[in-house]
Amino acid sequence: MQTIRKALASEADILTKIAIDSEAYWGYDSEYMAAFKREYSVTKDFIANNPTYVLEKEEVIGFYGIIINENKADLEYLFIQPNYIGSGYGKLLWQHMIKTCRALGIVELTMVTSPQAKDFYLKMGCTEAGKVSSLIGNGRIIPKLSYLL
4 MQTIRKALAS EADILTKIAI DSEAYWGYDS EYMAAFKREY SVTKDFIANN
54 PTYVLEKEEV IGFYGIIINE NKADLEYLFI QPNYIGSGYG KLLWQHMIKT
104 CRALGIVELT MVTSPQAKDF YLKMGCTEAG KVSSLIGNGR IIPKLSYLL
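Count the sequence shown with the numbering used here and you get residues 4 to 152, in order.
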């Protein structure tokens with residue numbers, strides 16, 4: 004049985020580990036992963052100030068976090084522990100996030116993502132909205148996607 008609930012600020016380190024392990028699943032080198040950790044570590048402050056939810060199945064196995072700006076939101080995090088990737092838990096988190104966004108009056112959700120995760124978001128109903136420079140740098144260009152609620 005799995006449960007989705009609000010994240011606790013005290014879980015910031017657990018969520019950071021899930022994000023790092025999930026991103027590393029795609030085979031990035033140690034330099035990239037060090038930059039990823041610097042840029043995408045989950046903070047207690049982020050959890051306290053933004054809708055952030057965890058998926059538990061005996062332990063936390065995934066999470067998402069959004070940043071709201073009026074009636075729009077940016078998906079900052081959606082990660083699953085690597086041993087659960089491809090098991091449908093990402094879709095569960097996505098569906099919960101969409102319900103949360105609707106309840107908050109969000110009309111558009113945007114995100115930047117890795118090329119490897121792009122197909123997942125397209126399957127969830129996102130459309131391509133261009134390409135942007137990665138925050139991690141090195142001239143890396145990544146997809147930007149949009150979802151209209």
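Just so you know, even glycine gets a beta-carbon here, dropped at the ideal spot from N, CA and C. On a predicted model such as this, the values are computed, not experimentally measured, just so you know.
- Assignment of D77 by DSSP, reduced to helix, strand and coil, places it in the strand class.
- The Cβ-Cβ distance between P85 and P118 does not fall below 9 Å.
- Where G93 is concerned, there is no enclosing beta strand (DSSP E), although the alpha helix (DSSP H) around it starts and stops at Y92 to A106.
- Runs of alpha helix (DSSP H) with 4 or more residues, each lying fully within the stretch 107-147, are found at 118-126, listed in chain order.
- The beta-carbon separation of N74 and V110, rounded to 5 Å, stays under the 8 Å limit for a contact.
- The beta carbon of K47 sits closer than 8 Å to the beta carbons of A12, S13 and A15 from its chain, once the five residues preceding and following it are set aside; these are given in chain order.
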